[in-house]
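Residue numbers (the UniProt record's numbering), protein chains in the order written: chain A, 1 to 390; chain B, 1 to 390; chain C, 1 to 390; chain D, 1 to 390. Just so it is clear, CB atoms sit at the ideal spot from N, CA and C, and this is done for glycine as well. These notes concern the structure reproduced below.
Number of protein chains: 4
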Amino acid sequence: MATKEPIITLSAGPVAAYPAVMRALSRPIGYDYDRHFLEFYEAVNRKVTQALRSSSPALILHFEPAPGLEAAAASLIGPDDVVLNLASGVYGKGFGYWSARYNKELVEIEVPYNEAIDPAQVEAAFKKRPDIKVVSVVHHDTPSGTMNPVKEIGQIVRKHNALMLVDAVSSWGGMDIHPEESCADIFVTGPGKCLGGAPGLTIMAVNDRAWKHMEANPKAPRASVLSLLDWKDAWRQDKPFPFTPSVAEVNGLDGAIDLYLAEGPETVWKRHALTAKACRAGIKAMGLSLWAAREEIASPTCTAVRVPDGLKDDDILAAARSLYGVVFSSGRGETKGKLIRIGHMGLVAEPIYAVVAVTAFGGALKKLGRKVDVGAGVTAATAVIDQARA
Amino acid sequence: MATKEPIITLSAGPVAAYPAVMRALSRPIGYDYDRHFLEFYEAVNRKVTQALRSSSPALILHFEPAPGLEAAAASLIGPDDVVLNLASGVYGKGFGYWSARYNKELVEIEVPYNEAIDPAQVEAAFKKRPDIKVVSVVHHDTPSGTMNPVKEIGQIVRKHNALMLVDAVSSWGGMDIHPEESCADIFVTGPGKCLGGAPGLTIMAVNDRAWKHMEANPKAPRASVLSLLDWKDAWRQDKPFPFTPSVAEVNGLDGAIDLYLAEGPETVWKRHALTAKACRAGIKAMGLSLWAAREEIASPTCTAVRVPDGLKDDDILAAARSLYGVVFSSGRGETKGKLIRIGHMGLVAEPIYAVVAVTAFGGALKKLGRKVDVGAGVTAATAVIDQARA
Amino acid sequence: MATKEPIITLSAGPVAAYPAVMRALSRPIGYDYDRHFLEFYEAVNRKVTQALRSSSPALILHFEPAPGLEAAAASLIGPDDVVLNLASGVYGKGFGYWSARYNKELVEIEVPYNEAIDPAQVEAAFKKRPDIKVVSVVHHDTPSGTMNPVKEIGQIVRKHNALMLVDAVSSWGGMDIHPEESCADIFVTGPGKCLGGAPGLTIMAVNDRAWKHMEANPKAPRASVLSLLDWKDAWRQDKPFPFTPSVAEVNGLDGAIDLYLAEGPETVWKRHALTAKACRAGIKAMGLSLWAAREEIASPTCTAVRVPDGLKDDDILAAARSLYGVVFSSGRGETKGKLIRIGHMGLVAEPIYAVVAVTAFGGALKKLGRKVDVGAGVTAATAVIDQARA
Amino acid sequence: MATKEPIITLSAGPVAAYPAVMRALSRPIGYDYDRHFLEFYEAVNRKVTQALRSSSPALILHFEPAPGLEAAAASLIGPDDVVLNLASGVYGKGFGYWSARYNKELVEIEVPYNEAIDPAQVEAAFKKRPDIKVVSVVHHDTPSGTMNPVKEIGQIVRKHNALMLVDAVSSWGGMDIHPEESCADIFVTGPGKCLGGAPGLTIMAVNDRAWKHMEANPKAPRASVLSLLDWKDAWRQDKPFPFTPSVAEVNGLDGAIDLYLAEGPETVWKRHALTAKACRAGIKAMGLSLWAAREEIASPTCTAVRVPDGLKDDDILAAARSLYGVVFSSGRGETKGKLIRIGHMGLVAEPIYAVVAVTAFGGALKKLGRKVDVGAGVTAATAVIDQARA
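This is the structure:
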């Protein structure tokens with residue numbers, strides 16, 4: 001390639017995979033009709049279920065979570081369903097487009113993309129439209145780096161007997177969020193973000209309420225890549241796969257889940273949180289602004305930094321890469337050009353990478369002519385780390 | 001796992017991956033917005049294009065070929081299209097179900113599943129229905145191990161100005177079949193069969209005629225996992241990916257394509273053909289029958305053997321596995337129970353594995369009480385090899 | 001490379017590594033002064049000790065067993081030691097040359113290289129020379145594929161209060177042989193043969209008697225690659241390594257030992273034995289002669305076949321490789337040209353590879369103009385397998 | 001393991017291996033008597049020769065460079081040789097002990113271990129002792145992080161018709177040092193330092209003068225792990241290996257050499273130099289002292305920092321590891337306790353790791369109660385980087 005590989009990637013995903021995941025990806029390709037593979041697949045499914053803290057078997061789909069969410073929309077949302085879509089960012093907004101293909105009517109609550117949905121808004125929506133059947137929400141709207149209060153929203157949705165679909169792709173595995181305690185009926189995530197795995201699978205938790213609704217949906221796809229129902233029992237050794245699973249990705253997932261469970265979820269979340277906290281302290285100490293309206297809604301897995309006036313995001317990204325070999329993510333859609341995202345996911349959710357991020361971010365701005373005190377940034381970041389690990 | 005891994009897998013796919021592919025799968029996960037990855041992706045695409053001997057850029061879809069074929073049907077076949085589906089096996093028949101979701105009318109030619117489509121039938125169909133717009137055909141209908149004369153059919157389809165969609169998933173890479181010389185407008189294959197790669201991607205060649213038809217199709221999916229159009233220009237460095245590519249699978253594909261091009265396609269095809277020929281000689285010498293009505297239509301990438309009367313396919317498979325650790329494939333759908341398939345794809349498309357197959361197959365029958373002369377089988381198989389390599 | 005990789009290697013070592021070993025070899029390189037690596041190294045040492053069924057901690061040397069044996073000779077044999085060297089093959093004979101560099105006097109029992117040492121000869125030697133202090137013996141003299149009755153010899157040596165050094169490089173891990181039950185004071189082996197690992201380490205069991213003798217040896221090397229004493233306590237976390245360990249090899253050893261312990265040593269030995277037995281049945285059924293004077297002394301890990309009169313070993317090897325891609329080993333030194341060795345070690349110690357071996361061996365002879373009934377060979381080989389697994 | 005893996009290892013070696021090296025280590029284990037492996041080995045040898053910029057074929061020994069140096073001493077230094085050993089550090093001093101085992105007389109020049117040998121001292125030694133036959137010198141004495149002026153010394157040695165043995169283990173591959181331009185007759189290095197490979201091989205360049213001297217040495221070891229002569233022609237396909245090569249290590253070396261040649265040696269050296277320069281700027285800006293008496297003699301591959309008065313090296317190392325997961329090296333022997341070494345070798349010879357080093361070093365001191373301005377350190381380090389890459 002003409003361009004050298006980055007030295008350190010601090011993206012919002014796909015992220016650098018753990019070495020153990022890379023080794024898992026290189027395992028022999030099992031034959032999907034062989035007993036050994038069937039046992040292995042079920043074992044992986046059980047471990048994913050355990051990691052999801054779910055009482056229903058996990059659902060693995062063999063493509064990444066964006067089409068996974070499309071499939072969830074296609075399968076869950078029927079022609080009689082009124083859907084409340086909660087849009088606090090590009091991904092939340094985007095889900096509405098898929099929903100609209102299938103639903104009877106789309107109701108939407110939209111807030112500025114540096115804000116979070118207020119549970120009271122959801123309560124109000126139900127008051128106005130008690131016929132809402134499905135609520136969709138993104139937990140961490142990655143293009144904004146902001147989080148919605150899914151647990152609070154979930155209780156409201158459940159109370160109104162509606163179904164909730166949660167996109168937790170870039171938060172699960174990096175913080176304390178699970179399907180059942182957040183009342184999610186469909187909970188969508190994947191191995192390519194906080195788990196430090198490869199991006200090529202969707203992981204879902206689907207409960208009985210959701211399965212029943214899908215089974216009753218006359219338009220739910222079958223014999224289709226969009227079908228969740230096709231895969232409902234695929235984890236069982238006595239059931240054939242609807243189509244060939246992505247064996248290498250399952251191998252990789254196995255490696256990623258093993259790491260997660262062995263390190264201990266609480267330990268994993270803690271280092272994600274500390275890395276984010278240190279990073280933000282450093283960013284702010286350099287006089288920069290977080291994108292999130294309030295730091296409480298900033299994700300522990302991603303720090304979105306507002307692009308300083310007069311600068312272009314692409315120039316900052318290019319400078320950080322050429323000076324230090326450090327790669328960040330830009331915004332997406334509406335947020336493109338307005339913010340830069342520093343990922344804290346998986347392997348790089350370690351405090352020292354907050355220092356790397358602050359240095360590369362600050363250094364890039366200096367290269368573009370801004371007066372930035374990188375030393376102050378690093379001092380602030382390390383103060384957070386030192387205190388937490390005193 | 002309770003069950004031991006097989007020693008040698010001679011399946012009809014997924015197949016054992018080459019060691020170099022396994023190493024490629026373990027490469028670092030690139031970030032899909034980074035310049036280095038974009039250059040890499042384009043380079044892989046170019047090599048795939050070269051291997052396809054196609055003049056249009058290859059199309060890579062990020063799931064395995066079964067949904068890849070569904071996506072092709074969804075994208076290509078419009079509400080005004082009369083489709084001629086050629087069904088000589090389970091997969092050919094199955095494509096008709098997808099087609100029927102989108103087409104105006106489905107015309108079908110069906111032959112027994114141990115037979116091949118006769119080009120004259122296609123010519124006759126066009127005479128009767130000159131409004132046929134799309135013809136779909138499976139080159140190697142894997143559940144039968146039989147091949148259709150796609151090149152001859154292609155000329156007829158082209159002459160009638162219709163579009164032809166070819167499923168060459170389990171033949172391409174193992175024999176001399178390419179999109180342009182077979183007049184395929186959409187040619188669907190993947191890395192998980194003869195290329196000895198992992199099963200998690202679809203590779204397509206799509207020509208301008210097909211792209212135009214899709215662009216004119218009012219129902220062609222967009223912003224969907226079923227969309228081919230979304231991915232048309234994804235290989236270009238200046239275009240974002242519609243959704244995150246399966247990075248690890250692309251790494252693996254790169255490894256597989258490099259091996260294929262380095263060994264030389266003609267050399268690869270030759271060892272597939274010789275392995276199949278030796279295997280069949282051995283199978284016949286043991287008094288067994290090929291499933292294919294005529295050996296000329298048996299695929300060089302898979303030998304389907306008729307299950308001897310009075311025996312169950314699963315018992316034969318289990319005996320071969322327990323005695324020798326050798327795994328074969330059963331039939332699928334209509335052919336389940338009637339045949340057993342010995343794969344000759346990728347790594348195991350080497351003549352010595354014909355001996356392994358004959359031994360394990362014959363030995364399994366002996367275990368089940370049949371009188372089988374395994375020695376005669378091996379003698380016949382090796383005679384073919386010895387003569388070819390004299 | 002101009003020459004294609006073999007398809008199947010049935011050598012007497014180095015042998016094909018298990019996929020899990022190859023993955024282990026690709027683990028990150030630990031830093032040998034870091035606590036994590038020190039803990040890992042000790043853990044590996046413990047597992048090796050367990051696999052050796054030894055009550056003293058295993059000794060790992062960071063080069064392959066041939067220099068490992070030289071180091072053992074240099075460390076153990078002092079200027080006052082009379083050494084009895086038992087030579088039933090090239091490796092046994094060779095050890096005498098190293099011994100002669102260090103000992104006071106070398107006494108040798110030599111038998112034809114297709115024969116085994118008779119314990120009575122050892123008893124007689126002690127009668128004649130009660131001053132024998134060290135006895136050296138090769139358990140499986142790989143260049144001959146023959147075994148010596150080490151357990152019986154060991155009891156005699158112990159009775160006479162001498163020390164015994166056993167080379168079990170190519171037998172341990174493939175059959176029931178361990179240091180303590182064979183009264184070996186130094187037991188030398190490695191991961192590159194029956195363990196299916198990489199060849200780059202020596203594994204030893206050294207008991208207190210041997211350590212004491214070394215400590216009392218005024219010429220025992222120190223601060224040298226030839227020193228065993230330097231490494232005595234290297235497994236302990238509080239001791240520095242005498243020089244940098246071969247980290248990747250230790251990673252690979254960890255993978256190999258885990259496989260061995262997980263599969264169960266008895267199971268591993270059983271498949272080695274069955275493969276050898278099936279192979280020999282096939283070889284004999286083709287009218288060929290085993291090299292070993294009696295089949296009882298033929299190793300379960302290697303079958304040495306006498307080169308038929310009028311043929312050259314290299315021609316047979318070349319024919320098997322060009323026809324089938326199968327690689328065997330020739331003899332070494334005295335046995336070069338007289339025999340060909342078929343390895344049954346590690347991954348290929350599976351009965352189906354006996355069939356591969358018989359086919360390739362017989363086919364090679366046919367190519368060279370000999371009348372060989374390969375069918376009869378395979379029939380005989382499979383009869384052994386079928387009976388054992390009935 | 002009880003202890004977590006480090007996050008970032010900045011050791012003086014073994015160092016983190018490049019991902020491509022880890023993949024190379026996982027390649028199949030070739031059989032050392034097979035033609036394919038022999039071709040591969042020769043090809044690797046050629047590439048190593050090219051990287052050494054040597055006109056004689058490289059010599060690969062199958063253990064790490066410490067015993068490699070012992071073997072060089074044993075092979076080169078004969079009973080009639082007067083040896084001048086240049087000791088500017090622990091490794092230089094140590095070589096003298098090996099030399100003394102073989103030489104007629106050992107003459108030594110020793111300077112303080114934070115200093116370098118002055119070529120004038122060597123000239124003076126020859127004046128006094130014109131019978132000096134061999135001069136041994138360490139280019140980068142790793143336990144001190146200091147370099148000797150090998151090129152200047154080499155010219156003097158050559159002029160006096162003596163032989164020079166250079167230990168360039170931890171400098172070659174990271175800076176512009178090669179055997180012929182430094183008049184080294186034996187030049188010893190390895191893949192486990194600046195090449196970012198695994199530590200398990202020795203790489204040497206040996207010229208005809210050295211070979212002749214060894215061949216004339218009556219005590220030069222043969223049939224021994226200490227023999228260089230045994231391996232002289234081992235790279236040739238028509239010569240057997242003296243003992244089994246460490247196949248996995250050769251695979252890894254191949255991967256490491258390919259990376260080095262592909263990136264371009266000059267580019268590699270440049271990033272080593274810049275990383276070291278930035279690191280030292282940061283270290284000094286925090287008020288710390290370099291170990292080296294003058295910065296000119298500090299190696300571009302390792303920064304040795306004087307342990308501040310009143311602190312213990314182990315406490316600093318432990319603090320850096322627990323706070324940031326960053327691992328450094330302590331001193332060795334005489335330098336243990338007096339300095340801490342920050343490695344800049346291979347993968348981590350990238351400027352951003354200078355920032356990591358400065359942060360972790362400074363942070364560790366702060367944890368131990370010292371007033372350290374980490375911000376100033378990072379500012380100074382980045383200033384160096386920013387200027388170099390402006």
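Check, Outcome
"Where in the segment 25-98 of chain A do unbroken runs of the alpha helix (DSSP H), each at least 4 residues long, occur, reported from the N-terminal end onward?", "35-52, 65-76"
"Hey, out of LEU365(D), VAL358(D), GLY362(D), ILE352(D), whose CA is closest to GLY363(A)'s CA?", "ILE352(D)"
"At what residues does the beta strand (DSSP E) containing GLU105(D) begin and finish?", "105-110"
"Can you tell me where the alpha helix (DSSP H) holding ASP258(A) begins and where it ends?", "247-263"
"Roughly how many angstroms lie between the CA atoms of ARG321(D) and ALA354(D), to the nearest whole one?", "16 Å"
"I want to see whether chain A comes within less than 8 Å of GLY96(B), judged by CB atoms only; does it?", "no"
"Excluding the 5 residues preceding and the 5 following ALA376(B) in the sequence, name in chain order all residues of the same chain whose CB lies nearer than 6 Å to its CB.", "ALA285"
"Would you say TYR102(C) lies against chain D (beta-carbon separation less than 8 Å)?", "no"
"Measure from the C-beta of LYS4(A) to each C-beta in chain B and report whether the shortest distance is under 8 Å.", "yes"
"Could you tell me if PRO130(C) is buried or exposed, where buried requires 16 or more neighbouring beta carbons within 10 angstroms of its beta carbon?", "exposed"
"Evaluate contact between the segment 101-118 of chain A and the segment 78-93 of chain A, counting only Cβ atoms and requiring at least three cross-stretch pairs below 8 Å.", "yes"
"Might you give, ordered along the chain, the residues of its own chain that have their beta carbon closer than 8 Å to the beta carbon of GLU39(A), omitting 5 neighbours on each side?", "GLN237"
"Counting C-beta neighbours from all protein chains within 10 Å, is the total for ALA43(A) 16 or more, i.e. buried, or is it exposed?", "exposed"
"Run through DSSP, which three-state label would ARG341(C) get?", "strand"
"Under 8 Å between C-beta atoms, does ARG389(C) make it to chain A?", "no"
"Whole angstroms is fine: what's the gap from PRO242(D)'s alpha carbon to ASP230(D)'s?", "6 Å"
"By alpha-carbon positions, which one of LEU259(A), GLN155(A), PHE361(A) ends up nearest to LYS47(A)?", "LEU259(A)"
"Hey, is the segment 157-172 of chain B in contact with the segment 323-332 of chain B, meaning 3+ C-beta pairs nearer than 8 Å?", "no"
"Name the two residues that bound the continuous beta strand (DSSP E) containing LYS133(C).", "132-138"
"Let me see if you follow: with CB-CB separation under 8 Å, is LEU226(D) close to chain C or not?", "yes"
"To be precise: take each residue of the segment 8-41 of chain C, compare its Cβ to all Cβ atoms of chain A, and keep it if any distance is under 9 Å. Which residues remain?", "PRO19, ALA20, MET22, ARG23, ALA24, SER26, ARG27, PRO28"
"Does the ligand ATP have a heavy atom nearer than 7 Å to the CB of ALA216(D)?", "Absent from the structure shown: the ligand ATP. Ligands present: none."
"Between ALA12(A) and LEU347(A), how many whole angstroms is the CB-CB distance? I'm expecting something under 8 Å.", "14 Å between Cβ atoms; not a contact."
"Which residues in the same chain have their Cβ closer than 7 Å to the Cβ of THR244(B), if we skip the five residues on either side of it in sequence?", "ASP32"
"Could you tell me which of GLU64(D), LEU69(D), GLN387(D), GLY369(D) sits nearest to GLU249(D), measuring between CA atoms?", "GLU64(D)"
"Please confirm whether LEU165(C) and VAL122(C) have their CB atoms less than 8 Å apart.", "no"
"My parser needs the alpha helix (DSSP H) runs of 4 or more residues fully inside the segment 261-308 of chain D; what are they?", "265-285"
"Determine the chain B residues that contact MET1(A) at a beta-carbon separation under 8 Å, and present them in chain order.", "HIS36, GLU39, PHE40, ALA43"
"TRP172(A) bridges to which residues according to DSSP?", "MET175(A)"
"So for ILE330(B), helix, strand or coil by DSSP?", "It is Ser, not Ile, that sits at residue 330(B) in the sequence shown. It is a strand residue."
"DSSP has LEU165(C) in a bridge; who is on the other side?", "SER136(C), ILE186(C)"
"Is it a yes or a no for the segment 263-273 of chain C touching the segment 105-117 of chain C, going by three-plus beta-carbon pairs under 8 Å?", "no"
"Which residues in chain A sit within 8 Å of GLU266(D), going by Cβ to Cβ distance?", "Within chain A, no residue comes near GLU266(D); the closest Cβ sits about 15 Å away, beyond 8 Å."
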